[in-house]
Amino acid sequence: MPGAPTPDDFAARVPRHARPRHIAIIMDGNGRWAKARGLQRKTGHEQGVEAVRRTVRAAGDLGIGYLTLYGFSAENWSRPEDEVNDLMGLLRMYIRKDLAELVSNGVRIRIIGRRDNLAPDIIKLIEDAETRSAGNEEHILTIAFNYSARQEIADAARKLAERAAAGELDVRAIDEAVFANALETAGLPDPDLVIRTSGEKRLSNFLLWQSAYAEFYFDEVLWPDFDRAHLEKAIEVYADRERRFGGRPDEDGGEPIDRAG
Ligand code: IPE
Ligand code: IPE
Ligand code: MG
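Take the sequence shown: its position 205, counted from the start at 1, is 215 in this note's numbering, and no numbers get skipped.
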């Protein structure tokens, strides 16, 4: 029957080996989604959580091993107190309501971002989520919350400097791998694909170090409307890209040179 492509069509179009191993998403547009409907921003954020649920499920189904979601930036503290409280409340609610299901679905949860200025009960929920899901390896869900890439990089530099000052680390041993290991994302592969919704085209202080060779995909869709079809489309576009990492394109696949003049 003609109509929307089925998941099987997708499997045929984009074989598993061509899919990104790690997808990172800047979930943007909750406020505009609400505004367009005459609703409160809070409702936009609530619907954003529904989109998170759909996306985590879809990414699992599509065999994406690593999914990283940008939930709250260190700069988001500059929003009105009410909105900050709503966002904190939604993280609490998400962990409380979804943790058991995530754990039973083989998802390991990891939260990156500073913890020192979060409410004690949120810190406890985060620690609990990480501990209870620690045995899972199938899917790694990382939530960037109270996260700033520059802060993460500066923190890593300080950590290494402290170890060097204490005589535990030879300064000459600091290289890219050692540095990457001092970041909060230690152990995670770099994102292959970074998606941003809502039409904005910037990183907003997200995974600066880790995205050095990521492919970027910008979608006009507002985050609360993001669903499996949007994710599949992004993966399909990714699968068609040629990643070069500074090398030369495959000789056979390159543009033929017209020698006829
Ligand atoms: C994304 O939606 C959620 C967070 C940044 C926490 P926004 O709240 O930024 O929505 P817009 O950009 O105002 O539409
Ligand atoms: C980035 O979105 C942060 C998150 C998605 C959590 P923002 O909406 O805060 O980004 P800017 O301010 O438009 O760059
Ligand atoms: Mg925004």
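Ideal placement from N, C-alpha and C gives every residue a C-beta, glycine not left out.
Please go through the stretch 60-124 and give each complete alpha helix (DSSP H) segment of 4 or more residues, from N-terminal end onward. 91-114
Quick one: measure Cβ to Cβ for TRP233 and SER208, integer angstroms, because I've assumed they're closer than 8 angstroms. In the sequence shown, the residue the question calls residue 233 occupies position 223. In the sequence shown, the residue the question calls residue 208 occupies position 198. The Cβ separation is near 6 angstroms, so the contact holds.
Is it buried or exposed for MET37, if we count other Cβ within 10 angstroms and need 16 for buried? Within the sequence shown, residue 37 is the residue found at index 27, counting from 1. Buried, because 16 or more other Cβ atoms sit within 10 Å of the Cβ of MET37.
Roughly how many whole angstroms lie between the Cα atoms of ALA84 and ALA129? In the sequence shown, counting from the first residue as 1, residue 84 sits at position 74. In the sequence shown, counting from the first residue as 1, residue 129 sits at position 119. Computed Cα separation, rounded: 14 angstroms.
Measure the alpha-carbon distance for ARG67 versus ASN115 and round it to whole angstroms. In the sequence shown, residue 67 corresponds to position 57, counting from 1. In the sequence shown, residue 115 corresponds to position 105, counting from 1. Taking the straight line from one Cα to the other gives about 9 angstroms.
Neighbourhood of ligand 4 [Cβ distance below 5 angstroms to any heavy atom], ordered by chain position: Absence of ligand 4 from the depicted structure is noted, with ligand 1, ligand 2 and ligand 3 being the only ligands included.
Check the DSSP bridge columns for TYR275 and list the partner residues they point to. This structure does not reach residue 275, given that the chain is present from 11 up to 271, and the question cannot be answered.
Apart from the five residues just before and just after GLN57, which ones in its own chain have a Cβ nearer than 6 angstroms to its Cβ? Locating residue 57 in the sequence shown gives position 47, counting from the first residue. For GLN57, where only same-chain residues beyond five positions count, the Cβ hits under 6 angstroms are PRO234.
Restricting to Cα atoms, I'd like to know which of ASN146, TYR104, ASP180 and ASN86 is closest to VAL113. Stepping through the sequence shown from its first residue, residue 113 is reached at position 103. It is ASN146 whose Cα lies nearest to the Cα of VAL113.
Would you say the beta carbon of GLU85 is closer than 7 angstroms to some non-hydrogen atom of ligand 2? Numbered from its first residue, the sequence shown carries residue 85 at position 75. At least one heavy atom of ligand 2 is nearer than 7 angstroms to the Cβ of GLU85, so yes.
Segment limits, beta strand (DSSP E) that includes HIS32: Counting from one through the sequence shown, the residue named residue 32 turns up at place 22. Looking at the DSSP string, the run of the beta strand (DSSP E) that includes HIS32 is 32-36.
Which of the three DSSP states is assigned to ILE184 in this structure? Position 174 of the sequence shown, counted from the first residue, corresponds to residue 184. Coil at ILE184, not helix or strand.
In or out: GLY177 buried (at least 16 other Cβ within 10 Å) or exposed? One-based indexing of the sequence shown puts residue 177 at position 167. Flag for GLY177 reads exposed.
Using DSSP with H/G/I as helix, E/B as strand and the rest coil, what is LEU151? Within the sequence shown, numbered from 1, the residue matching residue 151 stands at position 141. Note: LEU151 maps to strand in three-state DSSP.
So ARG206 is in the beta strand (DSSP E); what residue range does that whole segment cover? Within the sequence shown, numbered from 1, the residue matching residue 206 stands at position 196. Segment 203-206, the beta strand (DSSP E) holding ARG206.
From THR53, ARG120, LYS52 and ALA22, pick the residue whose C-alpha is nearest to that of GLY140; which is it? Translated into the one-based positions of the sequence shown, residue 140 becomes position 130. The identity of residue 140 in the sequence shown is Glu, whereas the question assumes Gly. Looking at the Cα atoms, ARG120 is the closest of the given residues.
Taking Cβ positions, are ILE153 and GLY81 nearer each other than 8 angstroms? The residue you call residue 153 lines up with position 143 of the sequence shown. The residue you call residue 81 lines up with position 71 of the sequence shown. The answer is yes: Cβ separation under 8 angstroms.
Give the straight-line distance between the Cα atoms of ASP260 and ARG254, rounded to the nearest whole angstrom. Numbered from its first residue, the sequence shown carries residue 260 at position 250. Numbered from its first residue, the sequence shown carries residue 254 at position 244. Their Cα atoms are separated by approximately 9 angstroms.
Residue closest to TYR227, alpha-carbon to alpha-carbon, out of LEU241, LEU217 and GLN220: Your numbering for residue 227 matches position 217 in the sequence shown. Here the closest residue by C-alpha is LEU241.
Starting from the C-beta of TRP43, find all residues in its chain whose C-beta is less than 6 angstroms away, skip the five residues before and the five after it, and write them out in chain order. Residue mapping note: residue 43 aligns to position 33 of the sequence shown, counting from 1. The residues are GLY54, LEU232 and PRO234.
Can you give me the Cβ contacts of ARG168 inside the same chain, cut-off strictly under 7 angstroms, excluding the 5 residues immediately before and after it? Numbered from 1 along the sequence shown, position 158 holds the residue referred to as residue 168. Closer than 7 angstroms at the Cβ level, and outside the excluded window around ARG168, lies no residue.
Which word fits GLU252, buried or exposed, when buried means at least 16 other C-beta atoms lie within 10 angstroms of its C-beta? Translated into the one-based positions of the sequence shown, residue 252 becomes position 242. Exposed, because fewer than 16 other Cβ atoms sit within 10 Å of the Cβ of GLU252.
Give me, in chain order, the residues of the same chain whose beta-carbon lies closer than 6 angstroms to that of LEU218; leave out the 5 immediate sequence neighbours on both sides. The residue given as residue 218 occupies position 208 in the sequence shown. Answer for LEU218: ALA159, listed in chain order.
Quick one: Cα of ALA196 to Cα of ASP165, how far? As a position in the sequence shown, residue 196 is number 186, starting the count at 1. As a position in the sequence shown, residue 165 is number 155, starting the count at 1. Their backbone Cα atoms lie some 13 angstroms apart in a straight line.
How would you write the range of the alpha helix (DSSP H) that TYR248 sits in, first residue to last? Along the sequence shown, read from residue 1 onward, the residue named residue 248 stands at position 238. From DSSP, the alpha helix (DSSP H) with TYR248 extends over 238-250.
In chain order, what residues of the same chain lie with their CB nearer than 6 angstroms to the CB of ASN86, ignoring the 5 residues before and after it? Your numbering for residue 86 matches position 76 in the sequence shown. There are no such residues.
DSSP three-state label for PHE228, please. Here residue 228 corresponds to residue number 218 of the sequence shown, with the count starting at 1. Here PHE228 sits in strand by DSSP.
Does DSSP put PRO259 in a helix, in a strand, or in coil? Counted from its first residue, the sequence shown places residue 259 at position 249. It is coil, neither helix nor strand.
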